[in-house]
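My numbering puts the first residue of the sequence shown at 13, with every later residue one more than the last.
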Amino acid sequence: MPASASVPDPILVVGGGIAGLSAAEAARERSPGTPVVLLSKESAPPYFRLRLIELFDGTSDPAALRLHPSEWYAERGIDLRLSTTVASVLPAERRVVLAGGESLAYSTLVLASGSTSFLPPVEGARLPGVFTLWTLDDVLALRTALTGARSAVVVGGGLLGLEGAYQLSRRGIAVTIVEMVPRLLPNQLDLEGSRFFEAKVKSLGIGVRTGAGVACLEGGDRVRRVVLQDGDVLPADLVLFAAGVRPNLGFLEGSGIAVGKRISVDAALRTNLPGVFAAGDVAEVDGRWDGVWPAAKAQGRVAGLNAAGGDERVAHEAAPYFLNTMETRVASIGSIGAASTVPADPGAAFEYESCRDEEKLVYKKLMFQHGTLVGAVLVGDTSAFQKINAGVKAGMTRAQALEAGFL
Ligand SMILES: Cc1cc2nc3c(=O)[nH]c(=O)nc-3n(C[C@H](O)[C@H](O)[C@H](O)COP(=O)(O)OP(=O)(O)OC[C@H]3O[C@@H](n4cnc5c(N)ncnc54)[C@H](O)[C@@H]3O)c2cc1C
13 MPASASVPDP ILVVGGGIAG LSAAEAARER SPGTPVVLLS KESAPPYFRL
63 RLIELFDGTS DPAALRLHPS EWYAERGIDL RLSTTVASVL PAERRVVLAG
113 GESLAYSTLV LASGSTSFLP PVEGARLPGV FTLWTLDDVL ALRTALTGAR
163 SAVVVGGGLL GLEGAYQLSR RGIAVTIVEM VPRLLPNQLD LEGSRFFEAK
213 VKSLGIGVRT GAGVACLEGG DRVRRVVLQD GDVLPADLVL FAAGVRPNLG
263 FLEGSGIAVG KRISVDAALR TNLPGVFAAG DVAEVDGRWD GVWPAAKAQG
313 RVAGLNAAGG DERVAHEAAP YFLNTMETRV ASIGSIGAAS TVPADPGAAF
363 EYESCRDEEK LVYKKLMFQH GTLVGAVLVG DTSAFQKINA GVKAGMTRAQ
413 ALEAGFL
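Dropping the structure here:
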């Protein structure tokens with residue numbers, strides 16, 4: 013149907029995560045006269061995905077995680093359509109085609125389709141009793157499977173895997189974490205930091221197998237065992253895969269929208285095609301991907317403003333890493349010399365000051381280059397986190413950092 017003379021085609025947002033919601037809200041704010049349509053594959057209205065873990069507690073109400081009550085959307089004239097999947101995009105016609113065959117015209121388009129948990133192609137990965145952890149449905153399915161489970165294997169030792177393993181363990185389930193790389197949190201911690209953190213995890217009775225890969229899952233009608241590549245067999249009434257995420261890109265096939273590992277956009281969140289923007293986990297901004305909530309929210313806002321005629325840019329700021337799980341805390345700030353961090357000065361060697369308490373499993377390390385504080389690793393005691401973060405931003409000297417009592 014062609015648009016009538018008085019009602020412009022809508023700003024269409026694909027994906028009801030935090031990026032899509034922020035885009036819809038910003039587009040509405042900037043262009044009150046243009047219809048805004050927010051399409052989400054999920055049946056639940058946008059929610060705090062990063063708080064899903066709270067639902068491991070069987071008494072928690074999923075509705076408590078909603079970002080806004082239902083009437084919020086209607087009040088703002090945001091047309092939220094749930095259980096609505098975009099199957100393809102036709103940029104030449106400025107239309108998207110939905111899974112049911114219906115097509116919708118748009119004036120501008122924001123792609124915010126986010127991520128899906130990666131399920132490695134190992135035999136048995138689709139057996140009953142195998143779970144992932146990205147959507148509300150994932151968590152509700154996992155929650156019902158907790159009753160009666162006595163053993164579990166969590167594949168992946170990143171943020172999701174660690175928190176998942178901790179929650180399972182708290183429910184009396186014997187858990188083993190299987191992590192492919194040789195140590196936990198290799199991008200956030202140095203070798204010594206990983207050792208302290210792993211000791212803490214093990215002190216809670218959680219098994220840790222680093223440098224280990226899954227060969228297959230066995231069990232017949234449902235999963236019972238995980239076989240590792242070295243031949244070891246771990247009992248598993250349930251298996252949680254937290255082995256990374258993949259961007260939701262399938263519906264863009266044939267659209268001509270440029271995709272690298274993710275949708276390629278510039279700092280204004282523009283794709284290669286006019287009127288098409290992308291934000292959040294599904295996008296890489298000038299080749300960079302954060303994969304975190306605050307970045308998705310900020311990008312969604314800029315994409316929404318620009319889709320409504322604005323001319324904004326996202327500022328990239330490397331966020332410090334903070335983890336509060338396993339009855340300890342971990343923080344990683346600035347350049348720490350790990351493979352994933354960019355040294356403040358790539359040509360200069362790191363110097364460091366550190367302290368440790370083996371009994372309390374506390375480890376702290378401050379990193380310096382040219383006598384200036386550039387990063388830190390904290391395990392077990394993150395009380396100085398904010399001050400160190402500010403010190404790194406301010407370029408504090410070594411003497412100032414030590415005098416400030418950061419160790
Ligand atoms: C349990 C958990 C804990 C986390 N903890 C943290 C944390 O502590 N800190 C942090 O910074 N980040 C955390 N994250 C990561 C953070 O939640 C993500 O970075 C963020 O949700 C990305 O937002 P997004 O909107 O880009 O994508 P998503 O949240 O993935 O949302 C994308 C939405 O688009 C929908 N969609 C996909 N394809 C289509 C389609 N074709 N048509 C219609 N809709 C579609 C999806 O169903 C989904 O609803 C956590 C994630 C999880 C799962």
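Ideal placement from N, C-alpha and C gives every residue a C-beta, glycine not left out.
- A distance below 6 Å between beta-carbons, with the five flanking residues on each side excluded, links ALA416 to no residue of its chain.
- Counting along the chain, LEU414 sits inside no beta strand (DSSP E); it lies in the alpha helix (DSSP H) bounded by residues 410 to 415.
- ARG236 is not a Cβ neighbour of ASP244, given a cutoff of 9 Å.
- Ligand 1 approaches PRO306 closely enough that one of its heavy atoms is under 8 Å from the residue's Cβ.
- For ALA177, the enclosing alpha helix (DSSP H) has its first and last residue at 171 to 182.
- Taking C-beta atoms as the reference points, ILE269 and VAL101 count as a pair closer than 9 Å.
- The beta carbon of THR120 sits closer than 6 Å to the beta carbons of ILE23, GLY287 and ALA319 from its chain, once the five residues preceding and following it are set aside; these are given in chain order.
- Beta-bridge analysis with DSSP links GLY346 to GLY387.
- By alpha-carbon distance to VAL25, the top candidate from GLY316, ALA327 and GLY346 is GLY316.
- Boundaries cannot be given for ALA331, as no alpha helix (DSSP H) includes it and DSSP labels it neither H nor E.
- A Cβ-Cβ separation of about 50 Å leaves GLY217 out of contact with SER267 under the 8 Å criterion.
- LEU252 is a Cβ neighbour of VAL165, given a cutoff of 9 Å.
- For the pair of segments examined, the stretch 360 to 378 was found to touch the stretch 388 to 401: the number of CB pairs separated by less than 8 Å reaches three.
- Judged by DSSP in its simplified three-state form, GLN381 adopts strand.
- The Cβ-Cβ distance between PRO132 and ARG234 does not fall below 9 Å.
- A direct Cα-to-Cα measurement between GLY168 and GLU204 gives close to 20 Å.
- Straight-line spacing of the CA atoms in THR96 and GLY160 works out to 35 Å.
- The criterion of a C-beta distance shorter than 9 Å is not satisfied by ALA406 and GLU365.
- With respect to SER127, PRO259 sits close: the two C-beta atoms are nearer than 9 Å.
- DSSP lists SER276 as the beta-bridge partner residues of GLU296.
- As the crow flies, the alpha-carbon of ILE189 is around 20 Å from that of PHE334.
- Not one heavy atom of ligand 1 sits closer than 8 Å to the Cβ of ILE400.
- Take GLU265, set aside five residues on each side of it, and the residues of its chain with a beta-carbon closer than 8 Å to its own are SER100, in chain order.
- At a cut-off of 8 Å, the beta-carbon of SER127 counts as near ligand 1: some heavy atom of the ligand is closer than that.
- Here the stretch 220 to 228 makes no contact with the stretch 65 to 80; the two share fewer than three CB pairs at distances below 8 Å.
- In the DSSP assignment, ASP91 falls within the unbroken beta strand (DSSP E) covering 90 to 93.
- Restricting attention to ALA396, ILE400 and SER395, the CA atom closest to the CA of VAL386 is found in ILE400.
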